[in-house]
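For reference, the structure discussed in these notes is given below.
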Amino acid sequence: MVVPRRGGPDSPPKGFPHMASSHGRGLVHLAAALDQPSASDARPYVEAARLAERGGLDFVTLDDTLARPGLDPLTVLSRVAPATGRIGLVPTVTSTHPELFRVLAAVATLDRVSRGRAGWRIDGSTTGAEARLLGRRPAAPAGPLRGETGEVADVAAKPCDVREDDTEIRDMPNGGPRPPHGHPVRVVDATDEPARRTAARYADVALVRAASAAQAAAVRDQLRATAAEFGRRPDELRVLAGLLVDLGDGEHAAAPGHGGGGPRQTAQGPLYRGGPVDLAALIATWHGEGVVDGFHLTPAEPLRDLERLVNGTVALLQHRGLFRTFYPGSTLREHLDLAVPAHRCG
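Count the sequence shown with full-length UniProt numbering and you get residues 1 to 346, in order.
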């Protein structure tokens, strides 16, 4: 699907780096959160996902509401899948309390429905309220929970990896031939120090909330070094900086700083407040300097900021040759330039 783009001026806006600033790096990877707390059905998510797909984004995410009112992310994205054709779909799945085989089956179903576009953001529950809600064991301490999350991430690949491409295993909850892309992409939030080993060992994509380029670069270097210690190739891991973006007041709202209105640390995480042009400058600069592989952006105002992100920031990045104008492949692994994992046994 070719994504039509709006052309921009021949000269970049003030402060926007030229293509040469990428220093030969690949295209930037971009993802966006679809969370809409007031939504009562799947329709607003379908509209938002289609908008993100028109912009060529790698994937969209949807958080797990679990102990608060809201829709189940796997159910919502299963509705989004047939209404879209290329964009990756990554729900947050809390694996602490539900039976693991049910979690794996649900993610595998989303992957089949979307024809290889599924990922899952693996999360653990640390609250007693969530444990009581599901009638499961008490909430686990943070330390053991991180180890359990890593084990889940490892097991998640094996049901697909232990069968050959044309082999069917009937006693597996998600039995059937091995998907051509291996298994759904595993996403781990690596912001906290203890979670970084889990991300470095198991994740395909690590999300990092960083309020400065230096902080993001340090975490990326640490993740890649730790991945190498586990015998992985560092370039098997994509590191995306997570930012909350508020594009409501335009460029004049940008505070002085990196990229016009550089991120500012808040209780909700790093916040960028400004306009689409300055956000494009920040993205291009961080990526060009090798700070991160891309960005995971959470709109402060879901539909408003997503529209300005796609029609403003993304269009400008495309005009400068820093982001795709069409999807060259059909699976999420292809969008992220990730190799298909080899078969694993046991």
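Don't be surprised by glycine CBs; every beta carbon is placed ideally from N, CA and C.
query: The stretch 268-275 contacting the stretch 319-338, beta-carbon criterion three pairs below 8 Å; result: no
query: Cβ-based burial, D192 [other Cβ within 10 Å; buried from 16]; result: exposed
query: L297: first and last residue of the uninterrupted beta strand (DSSP E) it sits in; result: G294 to P299
query: CA-to-CA distance, A216 to R209, given in whole angstroms; result: 8 Å
query: Selection from P263, T331, V245 and F295 that minimises the alpha carbon distance to A303; result: Note that residue 303 is Leu in the sequence shown here, rather than Ala. Among P263, T331, V245 and F295, the Cα nearest to that of L303 belongs to V245.
query: Residue(s) in a DSSP beta bridge with P302; result: According to DSSP, P302 bridges with nothing at all.
query: Top-ranked residue by Cα proximity to A228, from S212, L30, Y202 and G248; result: Y202
query: Three-way DSSP call (helix, strand, coil) for R273 in this model; result: strand
query: Whole-number beta carbon distance between V80 and A49, since they are thought to touch under 8 Å; result: 5 Å
query: Nearest residue (CA-CA) to T298, options W120, G70, L77 and R273; result: R273
query: Spatial distance of residue 348 from R196 (CA atoms); result: Here the chain has residues from 1 to 346 only, and residue 348 is not among them.
query: Chain-order list of residues whose beta-carbon lies under 8 Å from that of S78 (same chain, five-residue window excluded); result: T109, L110 and V113
query: Coil, strand or helix - V314 by DSSP; result: helix
query: Residue interval of the beta strand (DSSP E) (run including F59); result: F59 to L62
query: Among G250, L338, Q318 and F59, the one whose alpha carbon lies nearest that of R233; result: L338
query: Identity of the residues DSSP links to residue 360 by a beta bridge; result: Here the chain comprises residues numbered 1 to 346, so residue 360 is not present and cannot be evaluated.
query: C-alpha gap between P184 and G119, whole angstroms; result: 5 Å
query: Cα-Cα separation, G288 to D221; result: 15 Å
query: Status (buried if at least 16 other CB within 10 Å, exposed otherwise) for D249; result: exposed
query: Endpoints, the alpha helix (DSSP H) within which D221 is located; result: A213 to E229
query: H258, DSSP secondary structure in three states; result: Low confidence applies to H258: its pLDDT is 48, below 50, so where it sits in the model is not reliable enough to give any reading.
query: First and last residue of the uninterrupted alpha helix (DSSP H) at D111; result: L100 to S114
query: Top-ranked residue by Cα proximity to D293, from L240, A206 and L317; result: L240
query: N- and C-terminal bounds of the beta strand (DSSP E) containing H181; result: Careful: H181 lies outside any beta strand (DSSP E) and carries neither H nor E.
query: DSSP beta-bridge partners of W120; result: R186
query: Short Cβ contact (8 Å threshold) for D63 with L30; result: no
query: Counterpart residues of A33 in DSSP-defined beta bridges; result: T61
query: Beta strand (DSSP E) segment containing A49, residue limits; result: Per DSSP, A49 belongs to no beta strand (DSSP E); it is in the alpha helix (DSSP H), R43 to R54.
query: Alpha-carbon spacing of A211 relative to W286, whole angstroms; result: 12 Å
query: Same chain, Cβ closer than 8 Å to P73, neighbours up to 5 away in sequence not counted; result: L62, D63, D64, T65, P91, T92 and V93
query: Outcome for E168 when other beta-carbon atoms lying within 10 angstroms are tallied against a minimum of 16; result: Low per-residue confidence applies at E168: pLDDT is 41, beneath 50, and the placement is therefore not dependable, though the value from the model is reported in the following sentence. So E168 ends up on the exposed side.
query: Of the listed residues L207, P194, A218 and L51, nearest to V188 (C-alpha basis); result: L207
query: First through last residue of the alpha helix (DSSP H) which encompasses T325; result: Counting along the chain, T325 falls outside any alpha helix (DSSP H), and DSSP gives it neither H nor E.
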